[in-house]
Structure formats: structure tokens, C-alpha cells
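Trainee: For the sequence shown, our numbering gives the first residue as 51, with consecutive numbering after it.
Using N, Cα and C, we set each Cβ at its ideal position, and we do this for glycine too.
Since this is a predicted model, take the numbers as computed values, not measurements.
Pasting in a structure now, in C-alpha cells, and then I'll have a few things to ask.
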Amino acid sequence: MDHAENELLTRVGPGTAAGETLRKYWLPVGLSTEINSDAPKLVRWLGEDLLLFRDEIGRVGLTEPSCPHRGASLDYGWIEAGGIRCCYHGWVFDVNGRCLEQPGEPPDSSFKDKIRLKAYPVRELGGLLWAYLGSGQPPELPNYHFLVRDDGERRFSGYVRECNYMQQLENALDPVHATILHGRPVHGFPAAPEWMETPDFNVTATDSMAYYVARRKGPESGTEWHREVAYVPPIMVVHHGGSLPGDSVAEMVDVAWRMPIDDYNTRTFTLKCLPGAMVKRGKVEKQARPKPPPLMRGTRRQWDMATINGQDNAAQVSQGPIVDRTREHLGHSDRGVIQVRKLWQSAIERSLQGEDPPNLIRNPTQNHLVHVDVVERLVKSGELRNHVPNIVYVSS
Ligand code: FES
Ligand SMILES: [Fe+2]
């Protein structure tokens, strides 16, 4: 990869190729639970500083953070009067950026009608806040089945990692790293069995996603363990539950969005979607085991190598804020990484030519229980023999 390609894939600010492509999609900008009407919050997405707030009737706004009057930061403001009131002279703005009040101006003044706070559309779906940071008509907000099904439970978590989003997307289709980085015993605790040997894996790319299927021999003859992970542009990674035959988490869908804060920082939103039957059976709780003590390692920067998150931080943050891909030596084992790059690069190039990149839904009739069908596709083709069927639809 040359320097220009590396720049093309990694820069996300306004006016950049990847940044403008990302701005064509609805993107996750927060959890529904993290913003309430008490406190507006400064956030940063795709290199833009923004204000996130919820008004008195529950609507969420994502706006520029500085008051158009004389520039005070609106995160000191109060939620009232149909929007947010600036702390300095009390101008009020609603979630659409309209100026509703200017207490210091004459009562008959129409000055407020000329004032606009830049605002992006926000919607709530499945426990996440979604924003459209582009211009023009937004596409449909995808009704992924794991966001809209109502027969179970959604559990969110996440973290911020100090490196470019591409390093984390590449990691999704890199099953070899799991065996090495996460597969060692730590303080005598063995790693998860599925990570203890390097799998045989195939990588497949379609127009709309790239995925691997990794296989290892199962505990009994004729059985196999399998793990499927899909990268779905622009920033979503989907893993369908368990990989062991009869695994208790086989019905779970594990989703991660690698959302760029800016070129050098990424917030991951993770969702575990647990279908209702699993929740009722109570089979999803992991057996409690003692937490290993921290194993801090590193010279310039220390990470806890006894945790998955610390291990991934050590590997991905130490690559550099944006890894120099002109200096790599990619091998056969990097074929998943290569497919992630190719798929996203072709999406950006399509977008630069004025076409829609993949996974944009414009037609509302195609936006019904959208799902990422890796497992279903493999079961139908007979490639997965021991899979516990996990696609249960709830019609709406
Ligand atoms: S700076 Fe916000 S109202 Fe004056
Ligand atoms: Fe990892």
C-alpha cells in the first residue's frame, strides 16, 4: 500500500475521501442512556467538535458546540424553553438548530429568525443514537434485526482506543492474532478453547461485506468449532454467537461499530443481542472465575496484558496513531485484513465517483429486518454442519 492509499483509508475529517464517504451513512454517536435532559455534553465525531443534548420532550440534538451569538460553549447551557439555553445571554436553540429566543433583543425583533445553529439529524434505534453527518437527503436508517427485534435483550458496552479506526476494523478479520495475542494462559488461567490453536480459515468478500469462517476440530469426532466474523461497511463488525457445537451462546449476535472520533481515536460501541429464549434459560452468564491480577507490560506505555482489552490496546495502539502501511510485510495470514481494506477502498472510490457506497438503503421497502447473513448463507450452502440455527425473526 502506498502513502496516498493509506491517507485515503484513514483520514476522516470534513472534506477527506473516507470522511465524506462515512458521512453518507447513519453513524452511532452515543448510547440512548448516556444523554438525558440534565446535562448537555461535548462530543467529537469524525474530527468535528459537537454538542449532544436531549431536550425536555426527549428529542436529541447534535449541533455545533459554540453559540452563534458570541461563541460561548453551549455545554454550560440549560435545557429549557424547547431547546438549550446558552449560559451567557440566554439565546435558546432547538434540536434542529432554530433560534427560539433572544432575551436581550426587543420583543418584536425578528433577528432570531436569521440565526441558525448547525445541527445534524439524530434518531434513536435499538438503544443507540444515530446521526447523519452528511448533507442532502439521508438514506434509510437500517432496521438491522439485532436493533429492532423485541424478543430478548440488548446489552451495550464499549471503549475508546487511541488509534485510527482502520486498525480496529482490520483486526476484525484477523483470526490469527486471537490465537497469539489472546490465546496464552495468563497467571495459569487457560484462554478460551477456541483461541488455543491457529484455525484453518477462509475469507470471502461480496459487494457488501467481507467475512471469514475459521474452523478447528471439535472435542468429539465429526464435530468442529467454527467462528464467523463479518466486516460490513462502513464501520460495523458482526459475529454470530457461539462457535461450539450446542454452544449456549450460539443464538447471540455480537456487533461492534468502530466509530472514528478523529483520525487518531476511535470509540467502539459493542452490542450483545440475546434472543429471549436464551435470557429465560439463563444460559448466557459466563461462569464466574477469579479475575487474574493485572500484568502490566510495556516501556513507553503500559497495558494490562491479562485482559483482552489490554492485549488489543498493546497491539493496536503500539502500531502508531495511524500505522504506516507502506512499511508492512503482509503474508497469507493477512488475507482478511486485505479484504477489509479492498472493500472499504472500493466503497470510497465509488463514493468519490458520485455513486452510493454499499449498504446504503434508499428504498424503505428494503428496510425491513435487515440482517447480515453470514451464518444463514453458510448453513444453506451446507458449509456449516453443526451450527445451532440462530436466526429467529420477530415480524413487526
Ligand atoms: S454567547 Fe450565547 S447568548 Fe451570547
Ligand atoms: Fe483481539
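Excluding sequence positions up to five away, which residues of its chain have a Cβ less than 6 Å from the Cβ of Gln-352?
Mentor: Result list for Gln-352: Met-346, in chain order.
Trainee: Does DSSP classify Thr-71 as helix, strand or coil?
Mentor: Three-state result, Thr-71: helix.
Trainee: Determine contact between the region 179-187 and the region 277-287, defined as no fewer than three beta-carbon pairs at a distance below 8 Å.
Mentor: In short, these stretches do not touch, since the Cβ pair count stays below three.
Trainee: Less than 8 Å between the beta carbons of Val-110 and Val-198, yes or no?
Mentor: No, the Cβ-Cβ distance between Val-110 and Val-198 is not below 8 Å.
Trainee: Quick check on Arg-265: does DSSP put it in helix, strand or coil?
Mentor: The answer is strand: DSSP assigns Arg-265 an E or B state.
Trainee: Do Val-79 and Leu-179 have their CB atoms nearer than 8 Å?
Mentor: Yes, the pair counts as a contact, with Cβ atoms nearer than the cut-off.
Trainee: Taking just the CA atoms, how far does Tyr-138 sit from Asp-88?
Mentor: So the alpha carbons of these two residues sit roughly 18 Å apart.
Trainee: Going by CA-CA distance only, name the one from Trp-95, Arg-135, Ser-368, Gln-217 that's closest to Asp-312.
Mentor: It is Trp-95 whose Cα lies nearest to the Cα of Asp-312.
Trainee: Going by CA-CA distance only, name the one from Gly-202, Glu-57, Met-51, Met-259 that's closest to Tyr-314.
Mentor: Among Gly-202, Glu-57, Met-51, Met-259, the Cα nearest to that of Tyr-314 belongs to Glu-57.
Trainee: Helix, strand or coil: which one does DSSP assign to Arg-4?
Mentor: There is no way to answer for residue 4, as the model of the chain reaches only from 51 to 446.
Trainee: DSSP puts Lys-91 in a beta bridge; with which residues?
Mentor: According to DSSP, which records beta bridges pairwise, Lys-91 is partnered with Leu-102.
Trainee: Regarding His-232 and ligand 4, is the C-beta to nearest heavy atom distance less than 7 Å?
Mentor: In the structure shown, ligand 4 is absent; the only ligands present are ligand 1 and ligand 2.
Trainee: Compare the Cα-Cα distances from Arg-385 to each of Glu-220, Arg-61, Pro-64, Lys-322 and report the closest residue.
Mentor: Nearest option by C-alpha distance: Glu-220.
Trainee: Examine ligand 1 and report whether any of its heavy atoms sits within less than 7 Å of the Cβ of Tyr-126.
Mentor: Checking the Cβ of Tyr-126 against ligand 1 gives no.
Trainee: Output needed for Arg-412: all residues of its chain with C-beta closer than 6 Å, excluding positions within five of it in sequence on either side, in chain order.
Mentor: Cβ neighbours of Arg-412 beyond the five flanking positions: Pro-189.
Trainee: Would DSSP call Val-334 helix, strand or coil?
Mentor: Bear in mind that the predicted position of Val-334 carries a pLDDT of just 48, short of 50, making it too unreliable to give a figure here.
Trainee: With distance defined between alpha-carbon atoms, name the residue in Thr-60, Asn-214, Arg-234 nearest to Ala-356.
Mentor: It is Arg-234.
Trainee: How is Asn-56 classed by DSSP in three states: helix, strand or coil?
Mentor: Correct three-state label for Asn-56: helix.
Trainee: Measuring straight from C-alpha to C-alpha, what distance separates Asp-250 and Ala-264?
Mentor: Going from the Cα of Asp-250 to the Cα of Ala-264 covers about 6 Å.
Trainee: On the DSSP letters alone, give me the boundaries of the alpha helix (DSSP H) that Gly-360 sits inside.
Mentor: It spans 358-367 - the alpha helix (DSSP H) in which Gly-360 sits, taken as one unbroken run.
Trainee: Return the bridge partner residues of Ser-116 from the DSSP annotation.
Mentor: DSSP output for Ser-116 lists Ser-123 as bridge partner(s).
Trainee: Rounded to whole angstroms, what's the CA-CA distance from Gly-132 to Asp-224? Just pull it up for me.
Mentor: Roughly 48 Å separates the two Cα atoms.
Trainee: Using a Cβ-based criterion (distance less than 7 Å to any ligand heavy atom), does Ala-228 qualify as near ligand 2?
Mentor: Checking every heavy atom of ligand 2 against the Cβ of Ala-228, one is found closer than 7 Å.
Trainee: Pick from Ile-134, Ala-67, Ala-54, Gly-63: whose alpha carbon is nearest that of Lys-91?
Mentor: Lys-91 has its Cα closest to that of Ile-134, out of Ile-134, Ala-67, Ala-54, Gly-63.
Trainee: What I want to know is whether the C-beta of Asn-363 ends up closer than 7 Å to one or more non-hydrogen atoms of ligand 2.
Mentor: No - ligand 2 has no heavy atom lying nearer than 7 Å to the Cβ of Asn-363.
Trainee: What do you reckon, is the C-beta of Ala-122 under 7 Å from a heavy atom of ligand 1?
Mentor: Yes - ligand 1 has a heavy atom lying nearer than 7 Å to the Cβ of Ala-122.
Trainee: Can you tell me which of Gly-404, Arg-377, Pro-408 puts its alpha carbon nearest to the alpha carbon of Lys-392?
Mentor: That would be Pro-408, whose Cα lies nearest to the Cα of Lys-392.
Trainee: Which of helix, strand or coil does DSSP assign to Thr-320?
Mentor: It is a strand residue.
Trainee: Could you check what DSSP says for Thr-66 in three-state terms: helix, strand or coil?
Mentor: Reduced to three states, the DSSP call for Thr-66 is coil.
Trainee: The beta strand (DSSP E) with Trp-128 in it runs from where to where?
Mentor: That run of the beta strand (DSSP E) goes 128-130.
Trainee: Considering only DSSP beta bridges, list what Val-305 is partnered with.
Mentor: Val-305 is bridged to Val-288, Leu-321.
Trainee: Taking the alpha carbon of Ile-107 as the reference point, which residue from Ile-85, Pro-118, Val-288, Lys-164 has its own alpha carbon closest?
Mentor: When each option's Cα is compared against that of Ile-107, the closest is Ile-85.
Trainee: Does the beta-carbon of Cys-149, which I'm using as the reference point, lie nearer than 7 Å to any heavy atom of ligand 1?
Mentor: Outside the cutoff, so no.
Trainee: To the nearest angstrom, report how far apart Leu-321 and Pro-310 are at their CA atoms.
Mentor: Cα to Cα, Leu-321 sits roughly 17 Å from Pro-310.
Trainee: Looking at C-alpha atoms only, which residue of Ala-306, Phe-319, Arg-166, Gly-140 is the closest neighbour of Ser-82?
Mentor: Nearest option by C-alpha distance: Phe-319.
Trainee: Less than 7 Å separating the Cβ of Gly-348 from some heavy atom of ligand 1?
Mentor: For ligand 1, not one heavy atom lies less than 7 Å from the Cβ of Gly-348.
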